[in-house]
């Protein structure tokens, strides 16, 4: 299994604090030694870093921890390999362009062999992970259903939810997906989120001896949501997503929740 | 105008030395202050860094300069903006997936408005540069002509050359393009290359006070080709590509040259 970390915010925000916690799990407090990656949106552009080395030893990870890169939308992943060898092309997050947007994707879990029967149309995996295959299939499905970027976010979200449900039927499928302004979080087994907004307080990382007083780091209008496989702090109230739940975040706010039952009722 | 830097090698080689020279041109000895980027292949995977800040001040560029990342194929670019604002999504190199390979592209020059009449099919630009548009068109053309990866490299190279010639007719089009093992260099106005192999000697950078004795850094079988907008060293023999010339490098060796006349004779 792997660890996911995502962020959605309404003002450019650095993720140094949460990333410090996640990094420790990459071979430090956790077993996820098989590489890590992070993608930061800046406008429609993406700055990404990938490293097949354990994050707790990575010099690039150290740079990111110390060098605040501010973003409205971030997806990060540290890996404990199951399907696919440990190499750069198997390192999340994966990226593809659709509608002139760079989509970023990371997956936690494992999907069974039936996945590889799902037909690929437009996108082909570069590496050999089940995760990248699932991403190529998912984005190809979206592209086929919506040749142009739809105005109707509810329709798009509903379709993405249906595809995620199909993938969840094949195993464990926790996912983060973003196009720059939208951040989708889908839960199969384990994913939690937390929104920080005024009045800001202190937060203490579980995995690193670090406390931040967000009051000093923020303005009263800031809204910042962090999504992670497991809560990163032990003195804040995290919300666990339900199995089969898709949440759409934009500007740090949860805009839309789709649950498994809602789809079943369609 | 911008500066291009490419490398093709038969053993994983770091590009620290050449990159040190290029970096200085990013707002130091040169006027190219509008961002920089670099992509390193590692197998079929790509490690890329993009920064809209001048390279000579960039902390990430500093990390790359000091932290040797070894690769068989590298493409780098520093930018002096003409078309498209200075922002991350307009920062080269650009990347798209085709046939399960990540293609990396960088362009030096400027293309006139007629470019935007060329029809896009599969790939859409994320930013607003003429360069990314040209890349999306080029890769879309390749995809249409070769739905599967062709075994016949001569046919592929010939087709890429024809597309490059079409682009050159629209302005200045110097290009580096790679799929991981192949590195294409196409010259419209300015591009030079140099192959280092045994017996290795010393090289002195023009733009930085740095001399490297490659004899100490290499084994006798190493072959390393460097391609750059302008020669980076002043004590080695660089070869200038002709206008309309496409060279295909693999494992550090120039495998194939196509010139403008050769195409005219087809």
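Chains as they are written, first to last, in the UniProt record's numbering: chain A, 1 to 266; chain B, 1 to 266. All C-beta atoms, glycine included, are put in the ideal place defined by N, C-alpha and C.
Cβ of residue i within 9 Å of any chain A Cβ
| i | result |
| --- | --- |
| residue 60(B) | yes |
| residue 193(B) | no |
| residue 205(B) | no |
| residue 122(B) | yes |
| residue 77(B) | no |
Contacting residues, own chain, Cβ-Cβ under 6 Å from residue i (five flanking each side not counted)
| i | result |
| --- | --- |
| residue 74(B) | 7, 15, 40 |
| residue 206(B) | 234 |
| residue 47(B) | 40 |
| residue 256(A) | 157, 248 |
| residue 138(B) | 163 |
| residue 10(A) | 223, 251, 252 |
| residue 44(B) | 180 |
| residue 58(B) | 51 |
| residue 21(A) | 205, 207, 208, 232 |
| residue 260(A) | 244 |
| residue 186(B) | 164, 175, 246 |
Closer than 9 Å to chain B by CB, residue i
| i | result |
| --- | --- |
| residue 232(A) | no |
| residue 74(A) | no |
| residue 63(A) | yes |
| residue 126(A) | yes |
| residue 257(A) | no |
| residue 19(A) | no |
| residue 264(A) | Its pLDDT being 41, under 50, residue 264(A) is placed unreliably in this model, and the value from its coordinates should be taken loosely. It does not: the Cβ of residue 264(A) has no partner Cβ on chain B nearer than 9 Å. |
Where residue i falls, given that 16 or more other Cβ within 10 Å makes a residue buried
| i | result |
| --- | --- |
| residue 274(B) | The requested residue 274(B) is not part of the displayed model; chain B covers only 1 to 266. |
| residue 113(B) | exposed |
| residue 237(A) | exposed |
| residue 134(B) | buried |
| residue 195(A) | buried |
| residue 242(A) | exposed |
| residue 79(A) | buried |
| residue 97(B) | buried |
| residue 313(B) | As displayed, chain B neither begins before 1 nor continues past 266, which places residue 313(B) out of reach and without an answer. |
| residue 102(B) | buried |
| residue 201(B) | exposed |
| residue 215(A) | exposed |
| residue 174(A) | buried |
| residue 149(A) | exposed |
| residue 154(B) | exposed |
| residue 169(A) | exposed |
| residue 229(A) | buried |
| residue 42(A) | buried |
| residue 293(B) | This structure leaves residue 293(B) out entirely; chain B is present only between 1 and 266. |
| residue 211(A) | exposed |
| residue 130(B) | buried |
| residue 119(B) | exposed |
Neighbourhood of residue i by C-beta distance below 7 Å, restricted to the same chain and skipping five residues each side
| i | result |
| --- | --- |
| residue 146(B) | 156 |
| residue 68(B) | 14, 16 |
| residue 35(B) | 51, 52, 53, 79, 86, 91 |
| residue 263(B) | Residue placement at residue 263(B) is flagged as unreliable, the pLDDT there being 46, under the threshold of 50; a coordinate-derived value is accordingly withheld. |
| residue 198(A) | 220 |
| residue 89(B) | 126, 127 |
| residue 144(B) | 121 |
| residue 115(A) | 130, 133, 134, 170 |
Short CB-CB distance (under 9 Å) between residue i and chain E
| i | result |
| --- | --- |
| residue 165(B) | Judged by its chain identifiers, the structure shown contains no chain E, and its protein chains are A and B. |
Proximal residues to residue i (C-beta, below 8 Å), its chain only, five neighbours per side dropped
| i | result |
| --- | --- |
| residue 239(A) | 192, 193, 194 |
| residue 189(B) | 109, 172, 174, 243 |
Any C-beta of chain A within less than 9 Å: which residues of the stretch 80-97 of chain B qualify? 87, 88, 89, 90, 91, 95, 96, 97
Write down every uninterrupted run of the beta strand (DSSP E) in the stretch 69-97 of chain A whose length is 3 residues or greater and which is fully enclosed by it, in chain order. Within the stretch 69-97 of chain A, the complete beta strand (DSSP E) segments at least 3 residues long are 70-78, listed from N- to C-terminus.
What residues in the stretch 32-51 of chain B have a beta carbon less than 8 Å from any beta carbon of chain A? 42, 43, 44, 45, 46, 47, 48, 49, 50, 51
Could you name the residues of the stretch 95-118 of chain A whose beta carbon sits closer than 7 Å to any beta carbon of chain B, in the order they occur along the chain? 96, 97, 99, 100, 101, 102
Against chain B: residues of the stretch 137-161 of chain A by CB proximity under 7 Å: Under the 7 Å Cβ criterion, the stretch 137-161 of chain A contributes no residue.
Which runs of the beta strand (DSSP E), 3 residues or longer, sit entirely within the stretch 157-206 of chain A? 174-178, 182-186, 192-197, 202-204
For the stretch 107-146 of chain B, list the alpha helix (DSSP H) runs that are entirely contained and at least 4 residues long, ordered along the chain. 130-145
In chain order, which beta strand (DSSP E) runs of at least 3 residues are fully inside the stretch 229-254 of chain A? Counting whole runs of 3 or more residues, the stretch 229-254 of chain A contains the beta strand (DSSP E) stretches 246-250.
Taking the runs of the beta strand (DSSP E) that are 3 residues or longer, which of them lie wholly in the stretch 36-71 of chain B? With a minimum length of 3 residues, the continuous beta strand (DSSP E) runs that stay inside the stretch 36-71 of chain B are 36-42, 45-51.
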